[in-house]
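Protein chains in written order, with my numbering: chain A, -13 to 381; chain Z, 241 to 600.
All C-beta atoms, glycine included, are put in the ideal place defined by N, C-alpha and C.
None of the values given here were measured: they were computed from a predicted structure.
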């Protein structure tokens, strides 16, 4: 009887053990924010000032920058130089920028098409921040014709090559067990390339985002998290996805990678850095055709409907369209990095699943999954992607 | 069969043609996305276009106004010595001070008397000068005068009193020699830092007309306070720069410290009266600075140590660091309006050393 009462009392007061540390934390924060307990360290450092230019727009009225402050204290953009000359500008909204606050700077500067411009922002303390426009080109405005143009660009680099790859399906069905092993290993190789590529792209973009976002950490975390989510979603019925489901996950993973590719291309075209034009499009077609073959690989033992192929092509290819739009008209590095992290996770998931499928499908034939055919396939996948990537390096 | 075959071929041909047409049509907007409008000249707004700093400097907070600096002569406390000579005593205090050198850009300067450039000391040839120097700054400083004096009064480290530490004081004493347009600056080491932080100023020695019988009138016109001198509009301009991010390159250039100050508030000039400019180059990091006058020409007296011009009828003069001189010109009978003057290094002009005379 007595023991039960004590247990009940204990439960009633158990919240206290959550409240005490929280209360102590609040008190500690208050102490640090109202007093300066670190003063004896003699740290009288000036405020750390950082600013990130997230977007550059060039049009008839001049140069427009979206900047984000990333310092320890509000940052005042006092003056601005273009090509070593002080220039008038207006800030919207006006005033000092708090940590992670962004603003647009409008500069009525007569920029020169096809040439480089160097901008210097100067803060109230005289600290300078450089920003270079490598090749000045008018920024595409989201007019209907431009939206269509960028959609087409996305279709050329995403939907078209994947569809072409899927057209290999009837041929793939004629392959024997060894051929299938080669093919699946080729898919894993291709995915390995895409994984590295996506992570690299994501980390590179993360580097150009404001430091406080810790965007490169975000890339790794979203990659890991989306890998686990997709893996558990794929195996929710207790076994690994096979056949159409596996093809679907392949298309999703590749689609997310193509979204990143679209982002890069859209952004590059928008700032005039993609001078290669149609050569680039041809390159992407060759580069991404392998992706279609990979998606078709798990389907060789079935007879899917034609519409299934259309759906797979759309799932893998259309994100490139979305990517080019975002890249050209609404680019922001931290969001792009996040997307690419998700893409990397999705690719890792299909790598695991396709690899598992490769191992399982080798078992009935009594062969080892590790064979000349699979090694050759894996190597070919990597090599084909690497070599065709020569054609498409935009940055 | 035959018909079927040809029909198939026709269909194929038609499809191919249609596909080609489609692709070429599809490519058109793609091409449109790549060809832009080209460059456009943006609309200009300000008095000299959009090429300027934005906003206004709070001169009251700085404690000095660039318009007032132009004519703020410091003649010191005057008394007469037992031998009949004039004694001038000046008080100079080295003090750390943050100054606004362009709108909203604050520079942690080292100053003489809280201003950059320091006070324009003005004396007459032959006067005895006593400069009571107190250092209340955070670093050791000196005052090194460009003039004629003994080694112990030279204000360089290790000679005489050498560097004057924080809280210390020293009196420099020498005769004002030779007449001309000179300067003083801190000679503490490291030299570059002590100069570009703001420790410099103009030091003008007017000629004593009695010592120059051949050019009495010219000498009298140079001697501050004489009726001949009052006819002139005298201005002092110290060309300088500020390295705000401490990368050994200046972000700001100006005459008398404040970027674009005389562009936003032009210097008023009465065109009936001649103009004399005491020009001193205290720019750090760059080997030369220059002065270019628009729509007019001037006579130039290098170092101001002669009463006849060393260069006549020029519109641009170049000075190395610490070089200085006197410019004389007139806007008599000129059309009233704004006349530009600036460094003719476009770089300096675009970074703040750009100015106007408002001739009326």
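For residue 335 of chain Z, the secondary structure class from DSSP, reduced to helix, strand or coil, is strand. Selection A:145, A:88, A:127 evaluated against residue 274 of chain A yields A:145 as nearest (Cα-Cα).
Checking the DSSP bridge columns, you'll see residue 594 of chain Z partnered with Z:582. The residue from A:151, A:230, A:333, A:312 with its alpha-carbon nearest to that of residue 270 of chain A is A:151. Rounded to whole angstroms, the gap between the alpha carbons of residue 468 of chain Z and residue 461 of chain Z is 5 Å. Residue range 2 to 20 is occupied by the alpha helix (DSSP H) that includes residue 7 of chain A. With contacts defined by Cβ atoms closer than 7 Å, residue 41 of chain A and residue 54 of chain A do not form a contacting pair.
In this chain, the beta strand (DSSP E) harbouring residue 352 of chain Z covers 345 to 352. Among the bridge pairs identified by DSSP, residue 495 of chain Z is matched with Z:479. Each of A:69, A:74, A:311, A:327 was checked against the Cα of residue 202 of chain A, and the nearest Cα belongs to A:327.
Taken through DSSP and simplified to helix, strand or coil, residue 353 of chain A comes out as coil. For residue 107 of chain A, the closest alpha carbon among the candidates A:7, A:70, A:304 is that of A:70. Nearest to residue 298 of chain Z by C-alpha distance, out of Z:292, Z:291, Z:306, is Z:306. In the pairwise beta carbon analysis, the stretch 365 to 372 of chain A is classified as touching the stretch 179 to 186 of chain A: at least three pairs are separated by under 8 Å. The CB of residue 70 of chain A comes closer than 7 Å to the CB of 587, 590, 591 in chain Z, given here in chain order. Listed along chain Z are 344, 345, 346, each with a C-beta nearer than 7 Å to that of residue 110 of chain A. Below 8 Å, enough C-beta pairs join the stretch 507 to 520 of chain Z and the stretch 568 to 577 of chain Z to call them touching: three or more.
At a cut-off of 3 residues, the continuous stretches assigned as beta strand (DSSP E) that sit fully inside the stretch 436 to 460 of chain Z are 440 to 446. Residue pairing of residue 564 of chain Z in beta bridges, as defined by DSSP: Z:520. When secondary structure is reduced to three states using DSSP, residue 183 of chain A falls in the helix class.
Interface flag for residue 114 of chain A against chain Z is set, since a Cβ pair is found closer than 7 Å.
As computed with DSSP, residue 541 of chain Z is found in a beta bridge with Z:566. Along the stretch 40 to 67 of chain A, the positions whose C-beta sits under 9 Å from a C-beta of chain Z are 44, 45, 46, 47, 48, 49, 62, 63, 64, 65, 66, 67, read in chain order. Distance check between residue 474 of chain Z and each of Z:463, Z:489, Z:482 places Z:463 closest, using alpha-carbon atoms only. At a cut-off of 7 Å between beta-carbon atoms, residue 94 of chain A makes contact with chain Z. Positions of the beta strand (DSSP E) runs, each at least 3 residues long and wholly inside the stretch 20 to 99 of chain A, are given as 37 to 45, 48 to 55, 63 to 68, 76 to 78, 88 to 93 in order along the chain. Secondary structure note for residue 299 of chain Z: its alpha helix (DSSP H) is the uninterrupted segment 299 to 302.
Fully contained in the stretch 192 to 255 of chain A are the following alpha helix (DSSP H) runs of length 4 or more, in chain order: 201 to 220. Identification of residues in the stretch 494 to 513 of chain Z having a C-beta nearer than 8 Å to some C-beta of chain A yields 499, 500, given in sequence order. Taking the C-beta atoms as reference points, residue 319 of chain A is found nearer than 7 Å to residue 191 of chain A.
A distance below 8 Å between beta-carbons, with the five flanking residues on each side excluded, links residue 246 of chain A to the following residues of its chain, in chain order: 184, 187, 188, 309, 322, 325, 326, 329. With fewer than 16 other beta carbons inside 10 angstroms of its own, residue 471 of chain Z counts as exposed. For residue 147 of chain A, the three-state secondary structure derived from DSSP is helix. Beta-bridge partners assigned by DSSP to residue 412 of chain Z: Z:371.
Residue 347 of chain A: member of the alpha helix (DSSP H) spanning 319 to 348, first to last residue. Distance between residue 355 of chain A and residue 292 of chain A, taken at the CA atoms: about 31 Å.
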